[in-house]
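Colleague:
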Amino acid sequence: MLRRIYDWCLDAADKPYALWILAAVAFAESSFFPVPPDIMLAPMSLARPKRAWLFAAVCTVASVLGGILGYAIGALLYDSVGHWLITLYGLGDKVEAFRESYSHWGALIILVKGLTPIPYKLVTITSGFAGYNIWLFVLFSVITRGGRFFIAAVLLNRYGDWIRVRMEKHLGLAVAILVAVLVAGFVIAFKMI
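So that you can map any letter, position 155 of the sequence shown is 1326 in our numbering, and since no number is skipped, the others follow by simple counting.
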């Protein structure tokens, strides 16, 4: 199954619908979806290293727009949808502590957590809930999400052939590492919040 998904992403890199799917995953991941766009960004960039910049730009724009939706969920719908999403991830009792930290460290929280495997939806929803300045939130989201996706684009563009050979040889290990990083992100989120 992993091989089929990986091969589909490689094959889809030139198809027009691939950018829309990549954008949808990046958008959803910033507000409610648990799977990061990296699962499509990496194979698509490996298939077409020269398009890695385009793929990173699509992820950045869609992720920031999804972040604005997450912000709106926190600001306007926290009592219903926002609280439900935070509770779904098991962080309902820790939101107040996270909200308090925004009064002192809001910019740093957005910048650091946007680069890490910590689920960004937690940052977007809590930013809205905490009433963090929307324009600063968008600016920091562009910086941090763009940084994350363009660092991947640089690496995949420059070392794509080398990475692709190793990824295809050890696909199971690569997926296991990705899952471990995601799980570590959730664990870190639980410990930090």
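Just so you know, even glycine gets a beta-carbon here, dropped at the ideal spot from N, CA and C.
This structure is a prediction, so every number in the text was calculated from the model and none was measured.
For my contact list, residue 1218 and residue 1194 are in at a C-beta cut-off of 8 Å; report their separation, rounded to the angstrom.
Modeller: Wrong, their Cβ atoms sit about 17 Å apart, outside the cutoff.
Colleague: For residue 1323, collect the residues of the same chain with a Cβ closer than 8 Å to its Cβ; drop the 5 residues on either side in sequence, then sort them by chain order.
Modeller: Closer than 8 Å at the Cβ level, and outside the excluded window around residue 1323, lie 1209, 1212, 1213, 1216, 1223, 1227.
Colleague: Ends of the alpha helix (DSSP H) at residue 1188?
Modeller: First-last of the alpha helix (DSSP H) with residue 1188: 1187 to 1200.
Colleague: Suppose contacts are defined by Cβ-Cβ distances below 7 Å. Is residue 1330 in contact with residue 1301 by that definition?
Modeller: Contact: no.
Colleague: Since I believe residue 1198 is in contact with residue 1261 (beta carbons under 8 Å), could you give me their beta-carbon distance rounded to a whole number of angstroms?
Modeller: The Cβ separation is near 23 Å, so there is no contact.
Colleague: Give the C-beta separation of residue 1294 and residue 1281 to the nearest angstrom, bearing in mind that I take them to be a contact with Cβ-Cβ under 8 Å.
Modeller: The pair is a contact, with the Cβ atoms about 6 Å apart (cut-off 8 Å).
Colleague: Which residue from 1320, 1340, 1303 puts its Cα closest to that of residue 1243?
Modeller: Nearest option by C-alpha distance: 1303.
Colleague: Three-state secondary structure (DSSP) at residue 1289?
Modeller: Looking at residue 1289 - three-state DSSP - the assignment turns out to be coil, as it is neither helix nor strand.
Colleague: Residues in the same chain with beta-carbon distance under 7 Å from residue 1319, minus the five sequence neighbours each way, listed in chain order, please.
Modeller: Closer than 7 Å at Cβ, skipping near neighbours: 1285, 1286.
Colleague: Return yes when the Cβ of residue 1316 is within less than 7 Å of the Cβ of residue 1258, no when it is not.
Modeller: No, the Cβ-Cβ distance between residue 1258 and residue 1316 is not below 7 Å.
Colleague: Secondary structure at residue 1248, three-state DSSP: helix, strand or coil?
Modeller: Looking at residue 1248 - three-state DSSP - the assignment turns out to be coil, as it is neither helix nor strand.
Colleague: Just verifying my parser: in three-state terms, what is the DSSP assignment at residue 1308?
Modeller: Correct three-state label for residue 1308: helix.
Colleague: Between residue 1327 and residue 1220, how many whole angstroms is the CB-CB distance? I'm expecting something under 8 Å.
Modeller: Confirmed, Cβ separation roughly 6 Å.
Colleague: Can you tell me the Cα-Cα spacing of residue 1307 and residue 1278, whole angstroms?
Modeller: The alpha-carbon atoms of residue 1307 and residue 1278 are separated by roughly 8 Å.
Colleague: What does the Cβ neighbour count give for residue 1381, buried or exposed, with the cut at 16 atoms within 10 Å?
Modeller: Residue 1381 lies beyond the residue range present for the chain, which begins at 1172 and ends at 1364; the question has no answer from this structure.
Colleague: Classify residue 1302 as helix, strand or coil using the three-state DSSP reduction.
Modeller: Coil at residue 1302, not helix or strand.
Colleague: Let me confirm a value: residue 1186 is counted as buried when at least 16 other C-beta atoms fall within 10 Å, else exposed. Which label applies?
Modeller: By the 10 Å Cβ count, residue 1186 comes out exposed.
Colleague: Apart from the five residues on each side of it in sequence, which residues of its chain come closer than 6 Å, Cβ to Cβ, to residue 1321?
Modeller: Closer than 6 Å at the Cβ level, and outside the excluded window around residue 1321, lie 1227.
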